[in-house]
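Data first, discussion second: the structure below is written as structure tokens.
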Amino acid sequence: MRNHEPRASSSCAACKLLKRRCTPSCIFAPYFRSDEPKKFAKVHKVFGASNVSKILNEVPEEQRDETVNSLAYEAEARLRDPVYGCIGAIALLQRRMVELQVDLAIARARLARYSASSPPMLNDHGSMIPTLAELPACESAFQVMFPIKNLDLFELLLPWMNKTTESNQEYHLPVPCLSCCRRFSVGLDSTD
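So the sequence shown is numbered by our numbering: it starts at 25 and just counts up by one.
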């Protein structure tokens, strides 16, 4: 159980809201401190004080903190969305995750298609940029396709570039060694 405030002079938030005297054996006192009146008000509005008391009495003491946090979260979600409660938030997040997975799969497929059959490109200086097939294994195709000036940013992007898809087909780009990046410095500015 967490450290609780001394209760010699103050009632817990539950007893204050219910306008009753807070006893030393009050089931609410350890979990609804007097400085958090809105927390109990929300839980009481959704579940009722007697139901919360029954729930807390049935739960082992070491799990009561987590139980109260769950009740408070569900009560807040239920007050925001009376029909679905926290299930509405979960469904929204799951739907968004599916949309992002579809977007990621489309982007990976496009990247694989473009990297397999890309026409010769010209850089800012008018010279031809080699295709991915022409690069040595340690050269960075990412650096060729998206020239950057800051090598630190490039190194931060490496873990993202090397992710695999759900079908275990790797669409990652080759990891460059620093000597190759310096030798093949499309878009790198050594003065930065």
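Every residue gets a Cβ at the ideal spot worked out from N, C-alpha and C, and that includes glycine.
The model shown is predicted, which means the values in this text are computed figures rather than measured ones.
Residue nearest to residue i in terms of C-alpha spacing, selected from the options
i	options	result
P48	L117, D59, S35 and L128	S35
P54	E86, R44 and L124	E86
K62	C50, L42, C46 and N75	L42
Through-space distance from residue j to residue i, alpha-carbon basis
i	j	result
A105	A96	Reading off the sequence shown, one finds Asp at residue 105, where the question assumed Ala. Looking at the two C-alpha atoms, the distance is approximately 14 Å.
K40	I111	31 Å
I130	S141	17 Å
V107	Q125	28 Å
Y138	R132	10 Å
C46	R88	19 Å
E218	R134	Summary: the structure shown does not reach residue 218, with the chain confined to residues 25 through 216, and so no result is reported for it.
V122	L128	10 Å
P84	F71	19 Å
V76	C50	12 Å
G109	F52	24 Å
L103	A136	47 Å
Simplified DSSP state of residue i, which is helix, strand or coil
i	result
V107	coil
S34	coil
Y55	coil
P48	coil
S139	helix
G72	coil
V122	helix
K66	helix
P84	coil
E60	coil
K43	coil
Under 8 Å between C-beta atoms of residue i and residue j
i	j	result
A101	A113	yes
R22	A37	No information on residue 22 is available, as it lies outside the stretch 25 to 216 that the chain covers here.
Heavy atom of the ligand PLP within 7 Å of residue i beta-carbon
i	result
K78	What this structure holds is no ligand at all, so the ligand PLP is not there to describe.
| query | Do the region 61 to 71 and the region 89 to 101 touch if we need at least three Cβ pairs shorter than 8 Å? | reply | yes
| Taking contact to mean at least 3 C-beta pairs separated by less than 8 Å, is the region 108 to 124 in contact with the region 78 to 87? | no
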